[in-house]
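J.:
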Amino acid sequence: MPELPEVETIKRGLGKLLPGKCIANVTFDNPKSFPNAPGDVAKFLVGAKIVKVKRRAKVLLIDLDSKYTLVIHLKMTGQLVYVRTRELSLKTEDRRRKTKYSVPTERWGGGHPSDSLTGKLPDKSTRVVFSFADGSKLFFNDQRKFGWVRLLPTDEVPNIDFFKKVGPEPLSSKFTSREFAARLQRRKNTNIKAAILDQSVIAGIGNIYADESLWGAKIHPASLVKNLSIQKLNKLYEEIRYVLRLSIAKGGSTDRNYIDATGKKGSYLSFAKVFRREGQDCPRCGTKIVKIRVAGRGTHICPKCQKA
DNA sequence: CACTTGACCTGTCCGC
DNA sequence: TGCGGACAGGTCAAGT
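Residue numbers (the working numbering): 2 to 309.
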């Protein structure tokens, strides 16, 4: 579920919280969540200081001063939540003992309680825990275990298969409608929804923003790319950039379990036009929104605005 | 090579 | 109430 706006929101949150933090310890329960950790954790992770937090496509990158980078993919149910520990006052043995044994971490989540998912961490979905020298922690939670964390030398990150083939950032000022249309031609015999979900065509779009941008451009998701006019593709380009920007401004979409670095939900879905709105009226023409299946995904359309 | 489908997982929801 | 099955969706491997 985390698509570009959600990962961007997490990046911005962690970018304010993590730089300068020194990693004191890393624990993980599920080897698949951190495939190459065992040998490299001690050498290049513990003792390293966080330099910068970045994003490329739906991937989060945390640069360390050890010339290594944590590469994190949240896939569908991944979360990265930062928890500040209760400020310790170590004046007396009593207070130290009380703090140590009773309240390892304070309530997590920021903002208004109704905006956050409440609970204690770690929980049963916690796969990796990064502990920092100041006592704060970063939890990588992932209910379905599709996500992963990898530790790679920073200069090798661009060489992994995913980054070698991934398409341009849709919100980059260098990304033009002309380039968008040109890149779509590699998938000209498939449907437009599959084409924009293809990360090698354009980075960062997932099911939510595919449906929203196709509605905005009045394109049926099953339309073959080769049958779409250049005007339609230009409109789609504009809509993709519009919905991604709007969602970032709203802190992303919380469908089931997305939360940001401080535990807060995103509010984009309350602005969504069709996603998860089957049975409701199309905001443009009033026709009932229907849910169909395209490219193997649940797909939401207005059958009147988006003709096949 | 282009394209489609299934696998990877776990939790939730729906119908019987 | 319990239970089986469908479904959720990002990416990759394997299939056509």
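Every residue, glycine too, gets a C-beta built ideally from N, C-alpha and C.
Straight-line CA distance for Glu88 to Tyr259?
T.: Here Glu88 scores only 36 on pLDDT, less than 50, and its place in the model is too uncertain to base an answer on.
J.: Over what stretch of residues does the alpha helix (DSSP H) that includes Thr10 continue unbroken?
T.: Here the alpha helix (DSSP H) through Thr10 covers Leu5 to Leu18.
J.: Assign Gln232 to buried or exposed, taking buried as 16 or more other Cβ atoms, counted over all protein chains shown, within 10 Å of its Cβ.
T.: The residue in question, Gln232, is exposed, as its Cβ has fewer than 16 Cβ neighbours within 10 Å.
J.: Using the DSSP secondary-structure output, state which residues sit across from His74 in a beta bridge.
T.: Beta-bridge pairing links His74 to Val60 and Trp149.
J.: Does DSSP put Asn192 in a helix, in a strand, or in coil?
T.: If DSSP states are grouped into helix, strand and coil, Asn192 belongs with the strands.
J.: Taking the C-alpha atoms as reference points, what is the distance between Leu229 and Lys165?
T.: About 28 Å.
J.: Going by the DSSP bridge assignment, what does Asn142 pair with across the sheet?
T.: Asn142 is bridged to Gln80 and Thr127.
J.: Identify whether Thr86 lies in helix, strand or coil by the three-state DSSP scheme.
T.: Thr86: coil per DSSP, three-state reduction.
J.: So, helix, strand or coil for Asp162, using DSSP?
T.: Three-state result, Asp162: helix.
J.: Ends of the alpha helix (DSSP H) at Gly217?
T.: Gly217 -> alpha helix (DSSP H) spans Asn208 to Gly217.
J.: Helix, strand or coil for Thr263, going by three-state DSSP, please let me know.
T.: Note: Thr263 maps to coil in three-state DSSP.
J.: Compare the beta carbon distance of Ala223 and Asn192 with 9 Å and say whether it is the shorter of the two.
T.: Cβ distance < 9 Å, so Ala223 and Asn192 count as in contact.
J.: Quick one: is Gly253 buried, meaning 16 or more other Cβ sit within 10 Å of its Cβ, or exposed?
T.: Per the 10 Å Cβ criterion, buried.
J.: Per the DSSP calculation, Pro154 is bridged to which residue(s)?
T.: DSSP lists Tyr69 as partners of Pro154.
J.: Closer than 8 Å is the cut-off here; do at least three beta carbon pairs connect the segment 272–280 with the segment 17–35?
T.: Verdict: no, contact absent.
J.: Kindly confirm or deny that the segment 289–301 and the segment 195–212 touch, where touching means at least three C-beta pairs closer than 8 Å.
T.: The segment 289–301 is in contact with the segment 195–212.
J.: When the Cα atoms are used, what is the spatial distance from Phe45 to Pro20?
T.: Answer to the nearest angstrom: the Cα atoms are 16 Å apart.
J.: Can you grab the Cα-Cα spacing for the pair Leu215 / Ala25, in whole Å?
T.: Whole-angstrom Cα-Cα distance: 46 Å.
J.: Please report the distance separating the alpha-carbon of Leu245 from that of Asp124.
T.: C-alpha separation (whole angstroms): 31 Å.
J.: So what's Ala25 in DSSP terms, helix, strand or just coil?
T.: In the structure shown, Ala25 sits in a strand (DSSP, three-state: E or B).
J.: May I ask you to list the residues that DSSP assigns as paired with His301?
T.: Answer by DSSP bridge pairing, in chain order: Lys292.
J.: Verify whether the separation of the beta carbon atoms of Phe131 and Leu122 is less than 9 Å.
T.: Against a cut-off of 9 Å, the Cβ pair of Leu122 and Phe131 comes out as no contact.
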